[in-house]
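Residue numbers -1 to 287, in this note's numbering, belong to the letters of the sequence shown in order.
For glycine and all other residues, C-beta sits at the position ideal for the given N, C-alpha and C.
Every value quoted in this text rests on a predicted model; they were computed, and no experiment measured them.
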Amino acid sequence: MRLVKVFLSFLFTLLLFWITPRFSQQTQQRVYFDSAAERFLIDHDAIYRHSIDDDPEVTAWVTTPADTSSFQLKLLYRNESDTSHLVKPMNLVAGSYDLHATILPHLLKGQSYYYHLELTTREGRLITRIPEEPGREIRLYFEGTPGLILWAVHVGLMYLAAMYGFLSFFDAVTLHRGERKLGKLSHKVLMVAFFLLFGGLVAGALVSRSRFDYFWGGWPIGANQAHSMIEILIIYWLVLPVLFKGTLFRFKPEKNIVSAAGAVVLTLIGVLFMIAVYLTQDLFVGIPL
-1 MRLVKVFLSF
9 LFTLLLFWIT
19 PRFSQQTQQR
29 VYFDSAAERF
39 LIDHDAIYRH
49 SIDDDPEVTA
59 WVTTPADTSS
69 FQLKLLYRNE
79 SDTSHLVKPM
89 NLVAGSYDLH
99 ATILPHLLKG
109 QSYYYHLELT
119 TREGRLITRI
129 PEEPGREIRL
139 YFEGTPGLIL
149 WAVHVGLMYL
159 AAMYGFLSFF
169 DAVTLHRGER
179 KLGKLSHKVL
189 MVAFFLLFGG
199 LVAGALVSRS
209 RFDYFWGGWP
219 IGANQAHSMI
229 EILIIYWLVL
239 PVLFKGTLFR
249 FKPEKNIVSA
259 AGAVVLTLIG
269 VLFMIAVYLT
279 QDLFVGIPL
């Protein structure tokens, strides 16, 4: 039975890591904008992050009224520290009747452009913009690539954390078969906390340095949502071994701060929380080859 749990945990973790980049790319990397005015329609697929290794291409699709083709599409952009915008025309792509594009020079890791698109008449009168809200801009963030060994250590530790999380899940749902399993559950919870601490915080900070040029951007240091969520996840799993202290290294369930039923509920919540963070917070960069 133990080998079956290990095998299933390995498979579930493998499935989680297969789904995660596909899910996070759809939810984190791109946002679709559109705007319509005076029978013009603009569509823009914004890429929020881009590699420092090449120049990003900004594209937009413009549908025009049948009786006119007289318009200009411009990209207005600035660096983080600038207040005034530079302007680049977005020209029609060769062979296309509605796709417009322009290239921006790439920046260093951790640096950003803020930009918006403006559709005007040939005389310069504004027809519409993207984003439509006045003053709102789109951020294009540049990130570096971690070394292969660092990437492997980070992902490997986070993989082991998830695998032990699934093992904890199986121990929790079968705890009713005997309270002696509480000791095994406590040990696995400790392993999850260990791998999350070193994979998410220590190795994660080094990966962050190589990607964004800072070690940590979570609360209260910065506003990086992924870092803040991994902080909460690590703290949650670090607290669990304290609550299970009576059965962590010896079997004295009466010394536990929570009951066996409470241990089951807290473990299940922790596993579900871990899955949610892995899926939604874009923690893992692609293989740096």
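Query, Result
"Runs of alpha helix (DSSP H) lying entirely within the segment 105 to 176, each at least 4 residues, in chain order", "146 to 171"
"Limits of the unbroken beta strand (DSSP E) element including residue 58", "55 to 61"
"Residues near residue 188 in its chain [Cβ-Cβ closer than 7 angstroms; skip 5 each side]", "239 and 246"
"Contact under 7 angstroms by Cβ, residue 225 with residue 235", "no"
"Bridge partner(s) assigned by DSSP for residue 265", "Answer is none; residue 265 lacks a bridge partner."
"Contact set for residue 251: own chain, Cβ-Cβ below 8 angstroms, skip 5 residues either direction", "177, 180, 244, 245 and 258"
"Neighbourhood of residue 227 by C-beta, 7 angstroms cutoff - its chain only, sequence neighbours within 5 removed", "275 and 279"
"6 angstroms Cβ shell around residue 159 - same chain, five flanking residues per side excluded", "190, 193, 194 and 197"
"Residue 74 and residue 88 closer than 7 angstroms at C-beta", "no"
"Per-residue DSSP class, three states only, for residue 210", "helix"
"Exposure of residue 253, with buried meaning 16 or more beta-carbon neighbours within 10 Å", "exposed"
"Residue 116 classed as buried or exposed, judged by whether at least 16 other C-beta atoms fall within 10 angstroms", "buried"
"Three-way DSSP call (helix, strand, coil) for residue 38 in this model", "strand"
"Those runs of the beta strand (DSSP E) which lie wholly inside the segment 178 to 203 and span at least 3 residues", "none"
"CB-CB length for residue 202 against residue 152, believed under 8 angstroms", "6 angstroms"
"Contacting residues, own chain, Cβ-Cβ under 6 angstroms from residue 142 (five flanking each side not counted)", "50, 107, 208 and 209"
"For residue 92, the three-state DSSP class (helix, strand or coil)", "coil"
"Chain-order list of residues whose beta-carbon lies under 7 angstroms from that of residue 11 (same chain, five-residue window excluded)", "157, 160, 161 and 164"
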